[in-house]
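Under my numbering, the sequence shown has 581 at position 92, and the numbering climbs by one with no breaks. Yeah, the Cβ is synthetic: ideal placement off N, Cα and C, and Gly gets one too.
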Amino acid sequence: MKMMKIKAILLEGKVAYEPDTHSVYNVGDEKNQVTLAIPASLCFFDLLQKKGEIVSHDELLSSAWESRGMIVAPNTLYQNMSILRKSLISLGISSNIIKTVPKRGFVIPSDFPVEFIYETENTLPEKSQQEAFDKSKPPEVISAPPPEHTESVSRWVQNLVLTLICGLVVYSSYLVSNYLGEDTIPQYIAPDFVKIKSMSDCQIFRNVSLEGDEFFTKFMTDKNLTCGKEKWWYLTNYPPSLQVSLLRCSKELNVKSSPTTSLCVSDFYSESDQ
Numbered sequence: 490m491k492m493m494k495i496k497a498i499l500l501e502g503k504v505a506y507e508p509d510t511h512s513v514y515n516v517g518d519e520k521n522q523v524t525l526a527i528p529a530s531l532c533f534f535d536l537l538q539k540k541g542e543i544v545s546h547d548e549l550l551s552s553a554w555e556s557r558g559m560i561v562a563p564n565t566l567y568q569n570m571s572i573l574r575k576s577l578i579s580l581g582i583s584s585n586i587i588k589t590v591p592k593r594g595f596v597i598p599s600d601f602p603v604e605f606i607y608e609t610e611n612t613l614p615e616k617s618q619q620e621a622f623d624k625s626k627p628p629e630v631i632s633a634p635p636p637e638h639t640e641s642v643s644r645w646v647q648n649l650v651l652t653l654i655c656g657l658v659v660y661s662s663y664l665v666s667n668y669l670g671e672d673t674i675p676q677y678i679a680p681d682f683v684k685i686k687s688m689s690d691c692q693i694f695r696n697v698s699l700e701g702d703e704f705f706t707k708f709m710t711d712k713n714l715t716c717g718k719e720k721w722w723y724l725t726n727y728p729p730s731l732q733v734s735l736l737r738c739s740k741e742l743n744v745k746s747s748p749t750t751s752l753c754v755s756d757f758y759s760e761s762d763q
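Structure, rendered in structure tokens:
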């Protein structure tokens, strides 16, 4: 039996996600697509296929980065998930599409409305289907299938291009990590973090957000957070969501010359924890 390829995934009946193009858009408004970062898109696709199941951090890191030859810090996963949520909410998707399970992973609730549209099915969202019927089209001319050697050459070219792109990404990462000066490093690590206050001897930063210092100060007070051995804290929130991520590090993230690596611990607080 031939396996059907997923063409698109319909979310809440109003937003379409296309795994091949890594894009999301409102049904009937394909011209205004939002292109997702490839790692965020791969994580999203994995979560949708396992709807109702908790997908661990290791699984997502493996499918989105390690499968493409890249090793990243766990905080990169949290940042991609936050950006993914923000993109979906901007299209009108409810904020509970992706739930964070602290220290375990992420999950799309089993009752969240999702519809898979396959390549071999003539199934389109209602508005797109009506537009297709409204347009008069001449009969399609079915051409003969290309010779086998043409497909082999095409596949070889695709593999070559993919290899070159991966090589370029690795080489670019090498240049960034080895040739950029220390004064340049902060814009790559934490471009949108500002200091808000000091608690004991901890240095506390927050991302540039619609929420002011008061929101983050109240969050720390409500949670009774105290300064420990990790002296550098990085708080992240993207309104309208109340979810907050906290990254606590042993060293400042923009210190490049340190002989030891900055060790970090991350915590995620969902809306139900607020």
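- Inter-residue distance for Leu525 and Cys532 is about 11 Å (C-alpha atoms, whole angstroms).
- Per DSSP, reduced to three states, the secondary structure at Glu719 is coil, with no helix or strand assignment.
- With respect to the 9 Å criterion, Ser734 and Thr715 are not classified as neighbours on the basis of their beta carbons.
- Take Ser755, set aside five residues on each side of it, and the residues of its chain with a beta-carbon closer than 8 Å to its own are Pro563, Asn564, Tyr567, Ser734, Leu735, Leu736, Arg737, in chain order.
- Residue environment for Trp645: exposed (fewer than 16 other C-beta atoms within 10 angstroms of its C-beta).
- Straight through space, the alpha carbons of Ile597 and Asp535 are spaced by roughly 10 Å.
- Between the beta-carbon of Ala553 and that of Pro591 there is about 20 Å, and that puts the pair past the 8 Å contact cut.
- Per DSSP, the unbroken beta strand (DSSP E) holding Tyr514 starts and ends at 512–515.
- Considered as a whole, the segment 550–610 harbours 563–579 as its complete alpha helix (DSSP H) runs of no fewer than 4 residues, in chain order.
- Judged by DSSP secondary structure, Ile527 falls outside any beta strand (DSSP E) and instead within the alpha helix (DSSP H) spanning 527–538.
- For the options Ile498, Phe682, Ile582, the alpha carbon positioned closest to that of Asp509 is the one of Ile498.
- Secondary structure note for Asp756: it is in no alpha helix (DSSP H), and the uninterrupted beta strand (DSSP E) holding it is 753–758.
- Sorting Phe601, Glu700, Phe757 by C-alpha distance to the C-alpha of Gln538 places Phe601 at the top.
- For Ile498, the three-state secondary structure derived from DSSP is strand.
- In the DSSP assignment, Met709 falls within the alpha helix (DSSP H) that extends over 702–711.
- CA-CA distance, Ile582 to Gly541, rounds to 17 Å.
- Taking a contact as a CB-CB distance under 8 Å, the pair Val544 and Phe595 counts as one, their CB atoms being some 6 Å apart.
- Per DSSP, the unbroken beta strand (DSSP E) holding Val733 starts and ends at 733–738.
- For Ile543, no beta strand (DSSP E) segment is defined, and its DSSP state is neither H nor E.
- Residue environment analysis places Glu700 among the buried positions, since at least 16 neighbouring C-beta atoms fall within 10 angstroms of its C-beta.
- Here Gln692 is bridged, per DSSP, to Ser687, Trp721.
- Of the other Cβ atoms in all chains shown, 16 or more fall within 10 Å of the Cβ of Tyr727; this residue is therefore buried.
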